[in-house]
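Per my numbering, the very first residue in the sequence shown carries number 258; after that it's consecutive.
Even glycine gets a Cβ: it sits at the ideal position worked out from N, Cα and C.
This structure is a prediction, so every number in the text was calculated from the model and none was measured.
Here's the structure, in structure tokens; my notes come after.
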Amino acid sequence: WEYIYKLHQGHDVYWDRMLETTPKILAKATPVVAVIFCVGLLVLLVRAFRFRKLLEEESAWLYWWCVAFTGVAVACTGYGTQWADFNAFIPGLVFPAIFAAIGTADLARRIGVQRRPLAASLVTFVFGVALAVQLLMQLYSPTKHIPRRGDRQRARALIATLSKIRGEILFPYHPFLPHLAGKDTHYHQMGINDVTRAGHPYPGGIRDKIEQQKYGAILLDKSPVEARYGFLLQTYKLEHYFPATTVPLTVTGYRVRPRYLFVPKAPPPKPPRGARSVFDFEDGTYKGFDRRGNAWGSRPLGGTSSNQQLAGPYSGSYLAGSGNYGDSATGTLRSPEFVVDRPLLTYRVGGGNNKRLLQVKLIVDGKVVYTGTGTASHVMETRRVDVSRWRGKRMRLELVDNARGGSYGYLLFDDLMLRRR
Numbered sequence: 258w259e260y261i262y263k264l265h266q267g268h269d270v271y272w273d274r275m276l277e278t279t280p281k282i283l284a285k286a287t288p289v290v291a292v293i294f295c296v297g298l299l300v301l302l303v304r305a306f307r308f309r310k311l312l313e314e315e316s317a318w319l320y321w322w323c324v325a326f327t328g329v330a331v332a333c334t335g336y337g338t339q340w341a342d343f344n345a346f347i348p349g350l351v352f353p354a355i356f357a358a359i360g361t362a363d364l365a366r367r368i369g370v371q372r373r374p375l376a377a378s379l380v381t382f383v384f385g386v387a388l389a390v391q392l393l394m395q396l397y398s399p400t401k402h403i404p405r406r407g408d409r410q411r412a413r414a415l416i417a418t419l420s421k422i423r424g425e426i427l428f429p430y431h432p433f434l435p436h437l438a439g440k441d442t443h444y445h446q447m448g449i450n451d452v453t454r455a456g457h458p459y460p461g462g463i464r465d466k467i468e469q470q471k472y473g474a475i476l477l478d479k480s481p482v483e484a485r486y487g488f489l490l491q492t493y494k495l496e497h498y499f500p501a502t503t504v505p506l507t508v509t510g511y512r513v514r515p516r517y518l519f520v521p522k523a524p525p526p527k528p529p530r531g532a533r534s535v536f537d538f539e540d541g542t543y544k545g546f547d548r549r550g551n552a553w554g555s556r557p558l559g560g561t562s563s564n565q566q567l568a569g570p571y572s573g574s575y576l577a578g579s580g581n582y583g584d585s586a587t588g589t590l591r592s593p594e595f596v597v598d599r600p601l602l603t604y605r606v607g608g609g610n611n612k613r614l615l616q617v618k619l620i621v622d623g624k625v626v627y628t629g630t631g632t633a634s635h636v637m638e639t640r641r642v643d644v645s646r647w648r649g650k651r652m653r654l655e656l657v658d659n660a661r662g663g664s665y666g667y668l669l670f671d672d673l674m675l676r677r678r
């Protein structure tokens, strides 16, 4: 009672779940019981005008109908407040089922009293078979909630990744996994949902730690904007996106799987040995670049803009993005010339992959010698280009966004480097 009442009296209530969704789920799961329950309600209304006789002769029947009704009400309340999610349906299934048995027996008895034993037997048989078939259709196997070999392998790989991260890890949807990786555990996301959905501000202490980059990494199962962590993009950036096949899916409770790994924004690391950084936008400007149109904005993005999807991974704190004014904005970003002094050129790119409208161009002597495009995703990937044939030449980068909407109608770009290999 302490847990159910005192802790959950502040829980937000989903009235649609309580008044509409739960009755529909119960009726769909146990239609025969629902029919008998409704017939019982009809009988109750018919007999109500003989209230004293109803109490004297039908006390057991009336009692169990009231218990069944209470069970449904408890189920509606439990599911409407997410107290136990699907477990909340238990009282709405068990007690109406008891009433269904009593109601069927009562109906057969009344028919038998009227000297119609065959009809009584038929009623008992029909309702009995219907209830039995319904029960068989509801057979439940727990095997889907037992982790399989692949689930365990993916979980071990994720725990190994977590153990290599320095500092504290915030993992709201899976707070026990950091513990398995030797880190401190923390609150579960459901606790935050209860607070924010009730109209209260995001807990200050947690937000302060995120804004002060106290966490070595943050892992989320949803986009931070969708998960109400949009503010973390001011101080953290996407470091890795986990494909669904590489991370475990929870087998009980809230079915989620990790997808996004964020790390604190920081100055980019030094280029690898033998490499030279050409453009990384880390001064926060487009200095030296020629901008045409309004797609690329007046400065690089400090993470992601509010009208773009999540971008990354990229190094440092800034990247070029053409979605500043929405996917319909168009424009060109042209770099100053640079000398090709190494045989391999690499860059990171994301966004749309319409090769005709979204282009990454390399230009030598006024001619386009290479054309690339995006990844059809907000996830950025590294592209490699052999530029050995233009070694010693002066090259220019040109980013083109002529897309006026559609899926990923923008480009993301960062970290153009020249490498020895």
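So, with DSSP's three-state summary, where would you put residue 616?
Residue numbering aside, residue 616 sits at position 359 when the sequence shown is read from its first letter. Residue 616: strand per DSSP, three-state reduction.
Residue from 333, 321, 327, 284 with nearest C-alpha to residue 274:
To locate residue 274, count along the sequence shown from 1; it is residue 17. Residue 274 has its Cα closest to that of 333, out of 333, 321, 327, 284.
With a threshold of 16 other CB atoms inside 10 Å of the CB of residue 338, please say whether the residue is buried or exposed.
If you number the sequence shown from 1, residue 338 lands on position 81. Under this definition residue 338 is a buried residue.
Cβ neighbour criterion (16 or more within 10 Å) applied to residue 592:
Here residue 592 corresponds to residue number 335 of the sequence shown, with the count starting at 1. Classification for residue 592: buried.
Just to confirm my understanding: we take residue 498, look at its own chain, exclude 5 residues before and 5 after, and list those with CB closer than 7 Å. What are they?
Here residue 498 refers to the residue found at position 241 of the sequence shown. Cβ within range, chain order: 516, 517, 636.
Let's test the definition: count the other Cβ atoms within 10 Å of the Cβ of residue 403 and tell me whether it reaches 16, buried, or not, exposed.
Position 146 of the sequence shown, counted from the first residue, corresponds to residue 403. It is exposed - the Cβ of residue 403 has fewer than 16 other Cβ atoms within 10 Å.
Report yes if the CB atom of residue 549 is closer than 8 Å to the CB atom of residue 588, and no otherwise.
Within the sequence shown, numbered from 1, the residue matching residue 549 stands at position 292. Within the sequence shown, numbered from 1, the residue matching residue 588 stands at position 331. In this structure, residue 588 lies closer than 8 Å to residue 549 by Cβ.
State buried or exposed for residue 457, treating a residue as buried only when at least 16 other CB atoms are found within 10 Å of its CB.
Counting from one through the sequence shown, the residue named residue 457 turns up at place 200. Counting Cβ neighbours within 10 Å, residue 457 comes out exposed, since fewer than 16 surround it.
With the cut-off set at 8 Å, would you say residue 673 and residue 656 are in Cβ contact?
Within the sequence shown, numbered from 1, the residue matching residue 673 stands at position 416. Within the sequence shown, numbered from 1, the residue matching residue 656 stands at position 399. Not a contact, by the Cβ cut-off of 8 Å.
Through-space distance from residue 391 to residue 272, alpha-carbon basis:
As a first step, residue 272 is located in the sequence shown; it is residue number 15 there, counting from the start. As a first step, residue 391 is located in the sequence shown; it is residue number 134 there, counting from the start. Residue 272 and residue 391: Cα-Cα distance of roughly 29 Å.
Is it right to say residue 393 is buried, meaning 16 or more other beta carbons lie within 10 angstroms of its own, or is it exposed?
Taking the sequence shown and counting its residues from 1, one reaches residue 393 at position 136. Label assigned to residue 393: exposed.
Smallest Cα separation from residue 553: which of 615, 651, 494, 520?
Counting from 1 along the sequence shown, the entry for residue 553 is found at position 296. The option with the nearest alpha carbon to residue 553 is 615.
Span of the beta strand (DSSP E), counted from its first residue to its last, around residue 468:
If you number the sequence shown from 1, residue 468 lands on position 211. Here residue 468 belongs to no beta strand (DSSP E); instead the alpha helix (DSSP H) covers 461–468.
Taking the alpha carbon of residue 648 as the point to measure from, which residue in 602, 281, 427 has its own alpha carbon closest?
Here the question's residue 648 lines up with position 391 in the sequence shown. It is 602.
C-alpha gap between residue 611 and residue 630, whole angstroms:
Counted from its first residue, the sequence shown places residue 611 at position 354. Counted from its first residue, the sequence shown places residue 630 at position 373. Going by the C-alpha atoms only, they are around 7 Å apart.
To the nearest angstrom, how far is it from the Cα of residue 652 to the Cα of residue 502?
Taking the sequence shown and counting its residues from 1, one reaches residue 652 at position 395. Taking the sequence shown and counting its residues from 1, one reaches residue 502 at position 245. Between residue 652 and residue 502, the C-alpha separation is close to 40 Å.
Can you give the beta carbon distance from residue 470 to residue 521, rounded, assuming they're within the 8 Å contact cut?
The residue labelled residue 470 in the question sits at position 213 within the sequence shown. The residue labelled residue 521 in the question sits at position 264 within the sequence shown. Right, the Cβ-Cβ distance comes to about 4 Å (below 8 Å), so this counts as a contact.
Round the Cβ separation of residue 349 and residue 278 to the nearest angstrom and send it over; I've been treating them as touching at under 8 Å.
Within the sequence shown, residue 349 is the residue found at index 92, counting from 1. Within the sequence shown, residue 278 is the residue found at index 21, counting from 1. With 8 Å as the limit, residue 349 and residue 278 do not qualify as a contact, their Cβ atoms being about 12 Å apart.
Compare the beta carbon distance of residue 574 and residue 661 with 8 Å and say whether it is the shorter of the two.
The sequence position of residue 574 within the sequence shown is 317, counting from 1. The sequence position of residue 661 within the sequence shown is 404, counting from 1. No, the pair does not count as a contact, with Cβ atoms beyond the cut-off.
Would residue 609 and residue 665 qualify as a contact pair, given that the criterion is a beta-carbon distance under 8 Å?
Locating residue 609 in the sequence shown gives position 352, where the first residue counts as 1. Locating residue 665 in the sequence shown gives position 408, where the first residue counts as 1. Against a cut-off of 8 Å, the Cβ pair of residue 665 and residue 609 comes out as a contact.
Report the three-state DSSP secondary structure of residue 482 (helix, strand or coil).
Taking the sequence shown and counting its residues from 1, one reaches residue 482 at position 225. It is coil, neither helix nor strand.
Residue 496 to residue 569 span [Cα, whole Å]:
Counted from its first residue, the sequence shown places residue 496 at position 239. Counted from its first residue, the sequence shown places residue 569 at position 312. If I take the Cα positions, the gap works out to 6 Å.
Rank 302, 640, 519 by C-alpha distance to the C-alpha of residue 476 and give the top, closest one.
Translated into positions along the sequence shown, residue 476 becomes position 219. Residue 476 has its Cα closest to that of 519, out of 302, 640, 519.
Can you tell me which residues form a DSSP beta bridge with residue 227?
Residue coverage of the chain in this structure runs from 258 to 678, which leaves residue 227 outside it and unanswerable.
Residue 446 classed as buried or exposed, judged by whether at least 16 other C-beta atoms fall within 10 angstroms
As a working note, residue 446 is residue 189 in the sequence shown. The residue in question, residue 446, is buried, as its Cβ has 16 or more Cβ neighbours within 10 Å.
With a threshold of 16 other CB atoms inside 10 Å of the CB of residue 440, please say whether the residue is buried or exposed.
Here residue 440 corresponds to residue number 183 of the sequence shown, with the count starting at 1. Its Cβ being crowded by 16 or more others within 10 Å, residue 440 is buried.
Closest by CA to residue 376, which one among 385, 365, 384?
Residue numbering aside, residue 376 sits at position 119 when the sequence shown is read from its first letter. Residue 376 has its Cα closest to that of 365, out of 385, 365, 384.
Hey, could you find the ends of the alpha helix (DSSP H) residue 275 is sitting in?
One-based indexing of the sequence shown puts residue 275 at position 18. Element bounds for residue 275: n/a, residue is neither H nor E.
C-alpha gap between residue 295 and residue 509, whole angstroms
In the sequence shown, residue 295 corresponds to position 38, counting from 1. In the sequence shown, residue 509 corresponds to position 252, counting from 1. One C-alpha to the other measures close to 33 Å.
At 3 residues or longer, what runs of the beta strand (DSSP E) sit wholly inside the region 482–517?
493–498
Please classify residue 478: is it buried, with 16 or more other beta-carbons within 10 angstroms of its beta-carbon, or exposed?
Working through the sequence shown from its first residue, we reach residue 478 at position 221. Residue 478 should be labelled buried.
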